Amino acid sequence: MRWPAFSTGVRAQASASGGSSLIEVMLAVALVAVSALGLIAAQVWTAREAHAMSLRESATWIADSIAEATRTPSVGNAALDQSSGWANVLLPQGDASIGESGVVASARVTWASVRDRPIAGDGIGPPAEPCGDVDAPAGSSCVALAFAK
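Residue numbers (UniProt numbering): 1 to 149.
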């Protein structure tokens, strides 16, 4: 089959604008790729923070059980041993202890921190003391719950 002999000029216009449409497509693909990377980063951050929150929740429950159990002096040491075992099972490098100062005591649970902490000069702000006055190794998190004996 032969094409008609007359020309409409459509082919000449298509080849003249072909390069600019490819640039537009490339920019659109780059924009979609950057947006997808942003969404992936947000999902990873959310998953990491959810895991850290789960660890803090477990540590809080353990500290609360220590505080409740030590109100009865006869079961205090057994409860601490049991809670320390639970901390070791539920938390990475978990440890439970009791600090006493007169009539006030504190149940402390420490574990290895799994999230990245900001460092000084990071632009996010200086890192807070991870465990207040509790002697805990660097890179660890803790929960301290004060209670009256």
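Glycine residues also receive a C-beta, built at the ideal position from the N, C-alpha and C atoms. Model, not experiment: these values are computed from the prediction.
{"Item": "Selected residue, minimal CA-CA separation from proline 92, among Arg56, Ala105 and Ala79", "Value": "Arg56"}
{"Item": "Backbone CA spacing between alanine 50 and alanine 146 [nearest angstrom]", "Value": "26 Å"}
{"Item": "Bridge partners - residue 152, DSSP secondary structure assignment", "Value": "There is no way to answer for residue 152, as the model of the chain reaches only from 1 to 149."}
{"Item": "For leucine 31 and aspartate 81, the rounded distance between their alpha carbons", "Value": "56 Å"}
{"Item": "Coarse secondary structure for serine 113, derived from DSSP in three states", "Value": "coil"}
{"Item": "Contact the segment 53-69 vs the segment 22-42: 3+ CB pairs below 8 Å", "Value": "no"}
{"Item": "Where threonine 70 falls, given that 16 or more other Cβ within 10 Å makes a residue buried", "Value": "buried"}
{"Item": "Reduced DSSP secondary structure (H/G/I, E/B, other) of valine 103", "Value": "coil"}
{"Item": "Assigned exposure category for tryptophan 45 - 16 Cβ within 10 Å defines buried", "Value": "exposed"}
{"Item": "Strand pairing of leucine 145, partner residues [DSSP]", "Value": "Ala107"}
{"Item": "Proximity winner among Ala148, Ser141, Ser20 and Leu37, relative to alanine 87 (alpha-carbon distances)", "Value": "Ser141"}
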